[in-house]
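Residue numbers (our numbering): -12 to 193.
Notes follow the structure.
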């Protein structure tokens, strides 16, 4: 295995999210670790009322506990016809123990009968970067779209199969990874936080 100059903890147990971040920042010669790979057994309770509060809480807590440079994101889906729900509760939408498919099926059920022009929605992402000494910075990304009538596509994860992008004429799950990275909420947030991360990695090499 090639030598790595360092390790970056991604504050998630979602391997799809870790892989996506690693792909977005593949020019960085670091080892990307999930919480499980870093041996982190505890969960940070997401008590924040905003995506930013939750991202900062996770990044600073896990960085302090592990001593690792840590990236944490809090992302969610805001659906206008549902008053902005599920929002910060996106990952827990519909209750505990549901699969991603069950969650977006629940969403489609809630939107049954809602006309196309009112199915506007957005993915929102806030990323926080922290080191053992505290918060380094945050960055945000937003992607506008609509909730499709039915799922389509096998790429991505989460709600991607039902998030339709009018400009592309495809759902997020139908986009090639490279195209998704350019326009997705997470891709935009990662691009914004990348300079901070590169600087932090370089500082760690000294």
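Yeah, the Cβ is synthetic: ideal placement off N, Cα and C, and Gly gets one too.
Classify residue 80 as buried or exposed, calling it buried when 16 or more other Cβ atoms lie within 10 Å of its own Cβ. buried
Among 143, 174, 176 and 179, which has the Cα closest to the Cα of residue 162? 143
Buried or exposed by the 16-neighbour rule on C-beta atoms within 10 Å, applied to residue 28: exposed
Report all residues from its chain with a CB closer than 7 angstroms to the CB of residue 73; omit the five preceding and five following residues, and keep chain order. 63, 64 and 80
How big is the Cα-Cα spacing for residue 17 and residue -7? 5 angstroms
Write down the C-beta distance between residue 225 and residue 148 rounded to the nearest angstrom, noting that I regard them as a contact closer than 8 angstroms. Residue 225 is absent from the structure shown; the chain starts at -12 and stops at 193.
Sequence ranges, alpha helix (DSSP H) only - wholly within the segment 21 to 80, length at least 4: 38 to 53
Got a sec? Which residues, its chain only, sit under 8 angstroms from residue 86 by beta carbon, not counting five neighbours each side? none
Are the Cβ atoms of residue 45 and residue 31 separated by less than 7 angstroms? yes
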